[in-house]
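Heads up, the thing below is written out as structure tokens.
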Amino acid sequence: MSYRESTYNEADDADENSSDAPTPLPPNSHQTLTQTPSSAATPIDDIDDIIDDDDDDDSTNPILTKKQKPLSSLSTPTPPPSKKPTKKKTNNSVWTYKSTSRKGKKKTKPSPKAPPLPPEDTVLITPVPRFPTDKSDDSPSLPISLSRVHKAERVDLSDDRLSASSSKGYRMVRATRGVLHGHWYFEIKVLRLGPTGHVRLGWATEKGDLQAPVGYDGSSYGYRDVDGSKVHRAQRERYSAEGYGEGDVIGFYIGLPDGERYAPKPPHLVWYKGQRYMYNADGKDDLPKDVPGSEISFFKNGVCQGTAFKDISGGRYYPAASMYTMPNEPNCEVRFNFGPGFDFFPEDFGGRQTPRPMIEVPYHGHDVKVESPLENGLAEKLN
1 MSYRESTYNE
11 ADDADENSSD
21 APTPLPPNSH
31 QTLTQTPSSA
41 ATPIDDIDDI
51 IDDDDDDDST
61 NPILTKKQKP
71 LSSLSTPTPP
81 PSKKPTKKKT
91 NNSVWTYKST
101 SRKGKKKTKP
111 SPKAPPLPPE
121 DTVLITPVPR
131 FPTDKSDDSP
141 SLPISLSRVH
151 KAERVDLSDD
161 RLSASSSKGY
171 RMVRATRGVL
181 HGHWYFEIKV
191 LRLGPTGHVR
201 LGWATEKGDL
211 QAPVGYDGSS
221 YGYRDVDGSK
231 VHRAQRERYS
241 AEGYGEGDVI
251 GFYIGLPDGE
261 RYAPKPPHLV
271 WYKGQRYMYN
281 ADGKDDLPKD
291 VPGSEISFFK
301 NGVCQGTAFK
311 DISGGRYYPA
321 ASMYTMPNEP
331 NCEVRFNFGP
341 GFDFFPEDFG
351 GRQTPRPMIE
361 VPYHGHDVKV
371 ESPLENGLAE
381 KLN
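Counting in the UniProt record's numbering, the sequence shown runs from 1 upward without gaps.
Quick look at the structure:
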């Protein structure tokens, strides 16, 4: 019986070819000895010779023609040195993240883009003011008068709708008809002021605030009784030499040459979900433009106080008055005169074109387009 070392490496192969003596083993190394009969022992020159090569012909290989032993009986690999299990490192950083998967993200084909939807007709709508402009208490059979609709709640009107009075703060009332172009005139007589009463009189458009005095905003122009100053956008400026009071008659002149060309477009009114809304058909705010050559002048008992305002904004202007008193005081009262019988119709307008009396202003309704809503909330014009 002979014993042969079964552990191979390149150095062992070289020593085995040169000598039959076993090679000394290093300390603490593991080896396996296999007992084989001496008559069946076959010298092995190279471990690679017993491995089948697909490129060689097995019938011509003299080694493979003999009965061969399994490779496991010839050699047993040395088990690898034991290693202490290492603790898997974990990434505790909350700021970085590294994926442990070697597989990349599955590539997804981009979904085909859907064709764009056709544009829809949409408009921006806003709630109508507290006193909607589509209401009117005027009719073709009635003359011009003070409006029961376009006035503050605390303003009281006479039966003929020519006198107005109020108390406890400035409140406004305006006439039922206004003018877009031309030259016009009317008068207001101050009937009663009382110990604490004051008035501001003048012209206002549909957008003038009824809960404020004339001249409070950009939509009205006023003449103040206290010192005779003029008021616009709540700014007082020196105008006449003195004010006016009870018994005085104030004349109001307005000139709007070609004013209709500069007036803003009338608003559209629609019903939507049971409420009234205003909208602009083109989606843009139509700002008023200044009317070249336009003016407003005031007269006191037939005497012109000079030009108060020039190149005013385009729009439809209505005669307007606002009254004020302290609480527990009698109402402040004024009376309108739209002509033709004026108390102090001026004989000379200082080179200005002679105006027409406001009584001649024709019925015009309101500068609005009332439309009905469709099922989708849009609107169609009424014919």
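For glycine and all other residues, C-beta sits at the position ideal for the given N, C-alpha and C.
Collapsing the DSSP output to three states places M326 in coil. N337 has E187 as its beta-bridge partners, per DSSP. Around T307, the same chain offers E295 and S297 as residues with beta carbons nearer than 7 Å, after the five sequence neighbours per side are excluded.
In the DSSP annotation of this structure, the continuous segment of the beta strand (DSSP E) that includes F309 starts and ends at V303 to K310. DSSP lists Y317 as the beta-bridge partner residues of V179.
The Cβ-Cβ distance between A321 and W203 does not fall below 8 Å. Across the set S167, H198, T205 and G243, the C-alpha of T205 shows the shortest separation from the C-alpha of H150. Judged by DSSP in its simplified three-state form, E246 adopts coil rather than helix or strand. Residue range Q235 to E237 is occupied by the beta strand (DSSP E) that includes Q235.
In this structure, the alpha-carbon of F299 lies about 12 Å from that of G350. Judged by DSSP secondary structure, S158 falls outside any beta strand (DSSP E); it is assigned neither H nor E.
In this structure, DSSP gives I144 a state outside helix and strand, which the three-state scheme calls coil. When C-beta atoms of the segment 342 to 360 are compared with those of the segment 204 to 222, fewer than three pairs fall below 8 Å, so the two segments do not count as touching. Here the C-alpha atom of Y244 lies approximately 10 Å from the C-alpha atom of N301. Shown here, G228 sits in coil according to DSSP, grouped into three states, outside any helix or strand. About 15 Å separates the Cβ atoms of E329 and L191, ruling out a contact at the 8 Å cut-off. The beta carbons of Y324 and H198 sit about 5 Å from each other, so the pair counts as a contact at 8 Å. In this structure F342 is not in contact with L146, their Cβ atoms being roughly 17 Å apart against a cut-off of 8 Å.
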